[in-house]
Every structure is written in structure tokens, then in C-alpha cells.
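Peer 1: In UniProt numbering, the protein residues as written are 1 to 399.
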Amino acid sequence: MNVLFLTMVNITTLKKRGIYEDLLNHFIEKDHNVYIVAPVERRHKKKTSFFKEGKANILNVQTLNLTKTNIVEKGLGQVFVERQFLSAIKKNIKNITFDLVLYSTPPITFSKVIDFIKKRDNAYAYLLLKDIFPQNAVDMGMMKKGGALHKYFEKKEKILYNVSDTIGCMSEANKQFILEHNPDILSEKVEVNPNTIKPVFINFNQKEKEQIKNKYNIPLDKKIFVYGGNIGIPQGVEFLIETIFNLKEPLAHILVVGNGTKFKKLQNWFDLHKPSNATLLPGLPRNEYDVILAACDVGMIFLHKDFTIPNFPSRLLAYLEMKKPVLAATDVNTDIGEVIETAECGYWVKAGDNLNMQNKITQLCKDDLEAMGMNGFNLLKNNYLIKRTYQLIKDKVNV
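Right, dumping it as C-alpha cells:
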């Protein structure tokens, strides 16, 4: 089967770990031919290029800056990207007939590319819905509901859903949200196809954990609660700061590792207050982050309290694969808390509820973390292995 994967993630190699890299490598392991089309933002000063890496074919398309830039360039980049992708595909991989075109949100502006491949090759179109845009931008106050920009992207969203043969949602709440807010979509077109990975478990003994903690100046005599990932508006950094500021549990220490648009705000707060119960590190390569995570005790998830869409952060999987209990502070619309508590691998707190957050931190300092971590690992094995996503997609394509 010839697979075309469209993404806004800057994939230049499949030698890294991630939900998309793991999936594409699985397709390759099953003897499918994989073609990846991904952006190379103008800040990297590289032109469009097409190359092979092992059995993978990668087309990096020069685009405007799509991340870590001002909202004007980001918006223009989203508008222009489908034209840039389509032009690059026609020029570099025009002689390949695709059986499957696979793509994720964001963005929602790939519809012309998808429609072209579907009509030319009679390909099956599968959407991996990882974000519900533009509603997420409205929730975060980045876009005015009913404004010209919102109406434009809302129209593009409808077109994308319409051109997709199947929409794979991250969770049951995700699925119900899409069906409720898009009554014209047939229910059989939408299914739960969650974030999945090929897990790697790192098991350190106590001495090795101490060596890692010493390297990063992390206390040896505390339970380490780690938040790793993007530090931006969607994470509700204000509540993360409040959690650290209000932390009174003597056995707990919070470690934050990441980058993003709100990292500077967090860094300024750390520089000003110099909290003794927390450590801030800039983002690290995935292999280094995995090592730190393996030496910690509890994984943390933060989502902004104003979200009306049911997000399901993929960072959950990193905690589960390392057998770490999870403490999630989110809005009330996501079902990630329900999943965690049902599996008995952690706790959920409503974002902004300081008292409950502190109580749960204290509780986790008393809990059997090893047993909770194993519950989480079993949750991963039963629901979030890469073979699930692969099989759901493959079963749709008549090849």
C-alpha cells in the first residue's frame, strides 16, 4: 500500500520517537510504502527537499513560520500551506499512486491536497483529529467568535470533515463533541482512534536515579512531580504557577521541563520568587527527557480551565510507559481525568481548584506509586499501543 502522510509537524527523520513517527515506522515495518510531506519553516533557511531515509520518503516543503511566531504570520502560513504542499507533491512525487492519504489536525487547511489525491488516485482519506480548530483558538481568546477569521477557518473545518472518509478521534468525548457540533456528519464516519505509541520502558535502580537527579540538581529526598511538554496558553500556566506557590507538602517537589510561548513568563516567575520546592528546566531532546522522567515519581498534566473542546494530551502516554501515576488538572470537558481515575493510575482536579490540587499532591505522597504506575502501564498496553491505530486505519482501506 502506498501511504501519503500530511503533517504540520517538522518531520525530517523517523529516527525520533513520537506518535506520528511511531505510526509511520509501523506502516513501514508492515511493508507499506510511506511518503511524508512536512513543513520546513522559513526560520530554518532551507529550501524544499525530497529525500529517502531507509524505506521512508520525506518531502520537506518550505513554508512560512507556523510555530513560535506572531499570530499574523501563523495565520498566513496556515492559509498558504495547502497550496505549497500541493505544488511540492505535484513536482516531487507526481508518479506515485496513493491508496491512503493520512493527515492530522492541526491544520484544517489540507482539504485541497486531500481532494486532489482522492480524485486522482481514488485514495482513502483518514483524518487523525488531534485538535478541534478554530474552536480551540476561540476558547483561548486568540480569535473572536463570529469574526471574519473565525468564519473563514470554520468553513475550512467543515470542508476538511466532509472530504475525510473517516475521522479518528482521540477519545469518546472527542467523538461526541464532533457529532454534536456537526450534525451533518454521519455517526459511522467517526470513530475513536486515540493517541498511541510504541512504548519504551526505562528501569533505573535507586543509585542510577540519584545520579540523574544530581545531574539536574533535583532533590533526592522528595517525591518528584514532573510536568514535561509545551508551556503555552493551552496549558494554563497560571495554575501551574499557583500550584507551585501554594505547595506546602514537605515531601513534594515539582519539576517543569519544556518550552513554549509562556516559558519566559514561567522563567521570570522562577527568577523572582526562587521557589525551593520547584525546578525549571528548558526543553530537552526526547531521549534526555525520557531519562529524567524515568527517575521521577508522578507525571502532571495541565490544561487551561476555559477549554470547551475535549483535549486529550499525548503527554499522558509518556507517563504511562514509564509507569508513573498521573495528576491531571484540566477543564471539565475533557474525559482524560475519567480515564485516569477509572484505571486507578492517578487523580483528576478541576483546573483552578487549588485546595483539591494540594490535597491530591499530599495523597500521592502517601500512595503506593508503584502499584498505580503498573495500573497505568496496563492502561497503555490495553488501549494506546501503535498497533491499534494502524489496524483501525488499515481495515478501512481496500488494498
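Just so it is clear, CB atoms sit at the ideal spot from N, CA and C, and this is done for glycine as well. Please read these numbers as outputs of a predicted model, since none were measured by experiment.
Name the two residues that bound the continuous beta strand (DSSP E) containing M300.
Peer 2: Where M300 is concerned, the enclosing beta strand (DSSP E) stretches over 298 to 302.
Peer 1: I need the straight-line Cα distance from K118 to N182, nearest angstrom please.
Peer 2: The straight-line gap from Cα to Cα measures roughly 23 angstroms.
Peer 1: I'd like the ranges of any beta strand (DSSP E) spanning at least 3 consecutive residues and lying wholly in the segment 162 to 249.
Peer 2: List check, beta strand (DSSP E) in window: 166 to 169, 190 to 192, 223 to 230.
Peer 1: What do you reckon, are the CB atoms on Y216 and G168 nearer than 8 angstroms?
Peer 2: The answer is no: Cβ separation not under 8 angstroms.
Peer 1: For N25, which option in G376, G54, S164, E154 has the closest C-alpha, if you only look at C-alpha atoms?
Peer 2: Answer by Cα proximity: G54.
Peer 1: Nearest to N136 by CA position, among S111, K264, D353, T334, is which residue?
Peer 2: The shortest Cα separation from N136 among S111, K264, D353, T334 belongs to T334.
Peer 1: By DSSP's criteria, E41 is part of a beta bridge. Which residues make up the other side?
Peer 2: Partner(s): T63.
Peer 1: Relative to the C-alpha of K207, which residue among K68, N359, G229, L220 is closest?
Peer 2: Minimum Cα distance to K207 is reached at L220.
Peer 1: Grab the span of the beta strand (DSSP E) containing S49 for me, first residue to last.
Peer 2: Residues 49 to 53.
Peer 1: Taking the runs of the alpha helix (DSSP H) that are 4 residues or longer, which of them lie wholly in the segment 260 to 339?
Peer 2: Qualifying alpha helix (DSSP H) stretches, in chain order: 263 to 273, 286 to 295, 315 to 321.
Peer 1: I'd like the span of the beta strand (DSSP E) that includes K90, first residue to last.
Peer 2: From DSSP, K90 is part of no beta strand (DSSP E) but of the alpha helix (DSSP H) over 71 to 92.
Peer 1: Please classify H304: is it buried, with 16 or more other beta-carbons within 10 angstroms of its beta-carbon, or exposed?
Peer 2: That one is buried.
Peer 1: So, helix, strand or coil for V113, using DSSP?
Peer 2: Note: V113 maps to helix in three-state DSSP.
Peer 1: For the putative contact between L280 and V256, defined by C-beta atoms under 8 angstroms, what is the C-beta separation to the nearest angstrom?
Peer 2: The Cβ separation is near 5 angstroms, so the contact holds.
Peer 1: For N193, collect the residues of the same chain with a Cβ closer than 6 angstroms to its Cβ; drop the 5 residues on either side in sequence, then sort them by chain order.
Peer 2: The answer, listed in chain order, is G168, T389, L392.
Peer 1: Short check: CB of K52 to CB of I108, under 8 angstroms?
Peer 2: No, Cβ-Cβ distance for K52 and I108 is not below 8 angstroms.
Peer 1: Quick one, are the C-beta atoms of P179 and V163 less than 8 angstroms apart?
Peer 2: One detail in the question is off: residue 179 reads as Leu in this sequence, not Pro. Taking 8 angstroms as the Cβ cut-off, L179 and V163 do not qualify as a contacting pair.
Peer 1: Strictly by DSSP, which residues pair up with H253?
Peer 2: DSSP output for H253 lists I224 as bridge partner(s).
Peer 1: Can you round the beta-carbon distance between V237 and K264 to whole angstroms, since I take them to be within the 8 angstroms contact cut?
Peer 2: With 8 angstroms as the limit, V237 and K264 do not qualify as a contact, their Cβ atoms being about 10 angstroms apart.
Peer 1: DSSP three-state label for G376, please.
Peer 2: Three-state result, G376: helix.
Peer 1: Looking at G283: is its Cβ nearer than 8 angstroms to the Cβ of N268?
Peer 2: No, Cβ-Cβ distance for G283 and N268 is not below 8 angstroms.
Peer 1: Round the Cβ separation of L316 and I301 to the nearest angstrom and send it over; I've been treating them as touching at under 8 angstroms.
Peer 2: At roughly 6 angstroms, the Cβ-Cβ gap stays under 8 angstroms, so L316 and I301 are in contact.
Peer 1: Which partner residues does G258 have in the DSSP bridge list?
Peer 2: G258 is bridged to G229, P282.
Peer 1: Taking 7 angstroms as the limit between beta carbons, can you name the residues of its chain near E73, skipping five residues before and five after?
Peer 2: Here the set comprises L64, N65.
Peer 1: Whole angstroms is fine: what's the gap from D165's alpha carbon to I218's?
Peer 2: If I take the Cα positions, the gap works out to 49 angstroms.
Peer 1: Give the range of the alpha helix (DSSP H) segment to which T389 is assigned.
Peer 2: Run containing T389: 386 to 394, per the alpha helix (DSSP H) assignment.
Peer 1: Taking all protein chains shown into account, decide if P134 is buried (16 or more other Cβ within 10 angstroms of its Cβ) or exposed.
Peer 2: Counting Cβ neighbours within 10 Å, P134 comes out buried, since at least 16 surround it.
Peer 1: What residues match up with K350 in a beta bridge as DSSP calls it?
Peer 2: Paired residue(s): T330.
Peer 1: Rounded to whole angstroms, how far is the Cβ of I36 from the Cβ of N57, which I believe are closer than 8 angstroms?
Peer 2: Indeed, because the Cβ distance is near 7 angstroms, the residues count as touching under 8 angstroms.
Peer 1: Within 10 angstroms of its Cβ, does S104 collect 16 or more other Cβ (buried), or is it exposed?
Peer 2: S104 is buried by the Cβ-count criterion.
Peer 1: Do the segment 196 to 206 and the segment 138 to 158 make contact, defined as three or more Cβ pairs closer than 8 angstroms?
Peer 2: Counting Cβ pairs under 8 angstroms, fewer than three are found: no touch.
Peer 1: Mind checking whether K112 and E82 have CB atoms under 8 angstroms apart?
Peer 2: For K112 and E82, yes; Cβs fall inside 8 angstroms.
Peer 1: Among Y20, T243, C345, which has the Cα closest to the Cα of L102?
Peer 2: Ranking the options by Cα distance to L102, first place goes to Y20.
Peer 1: Could you compute how far the alpha carbon of residue 404 sits from the alpha carbon of P310?
Peer 2: Nothing about residue 404 can be reported from this structure: the residues present for the chain run from 1 to 399 only.
Peer 1: How would you write the range of the alpha helix (DSSP H) that A137 sits in, first residue to last?
Peer 2: Taken as a continuous stretch (DSSP letters only), the alpha helix (DSSP H) holding A137 covers 135 to 139.
Peer 1: My output table needs one value for T342: the three-state DSSP class, helix, strand or coil.
Peer 2: Residue state, collapsed to three classes: helix.
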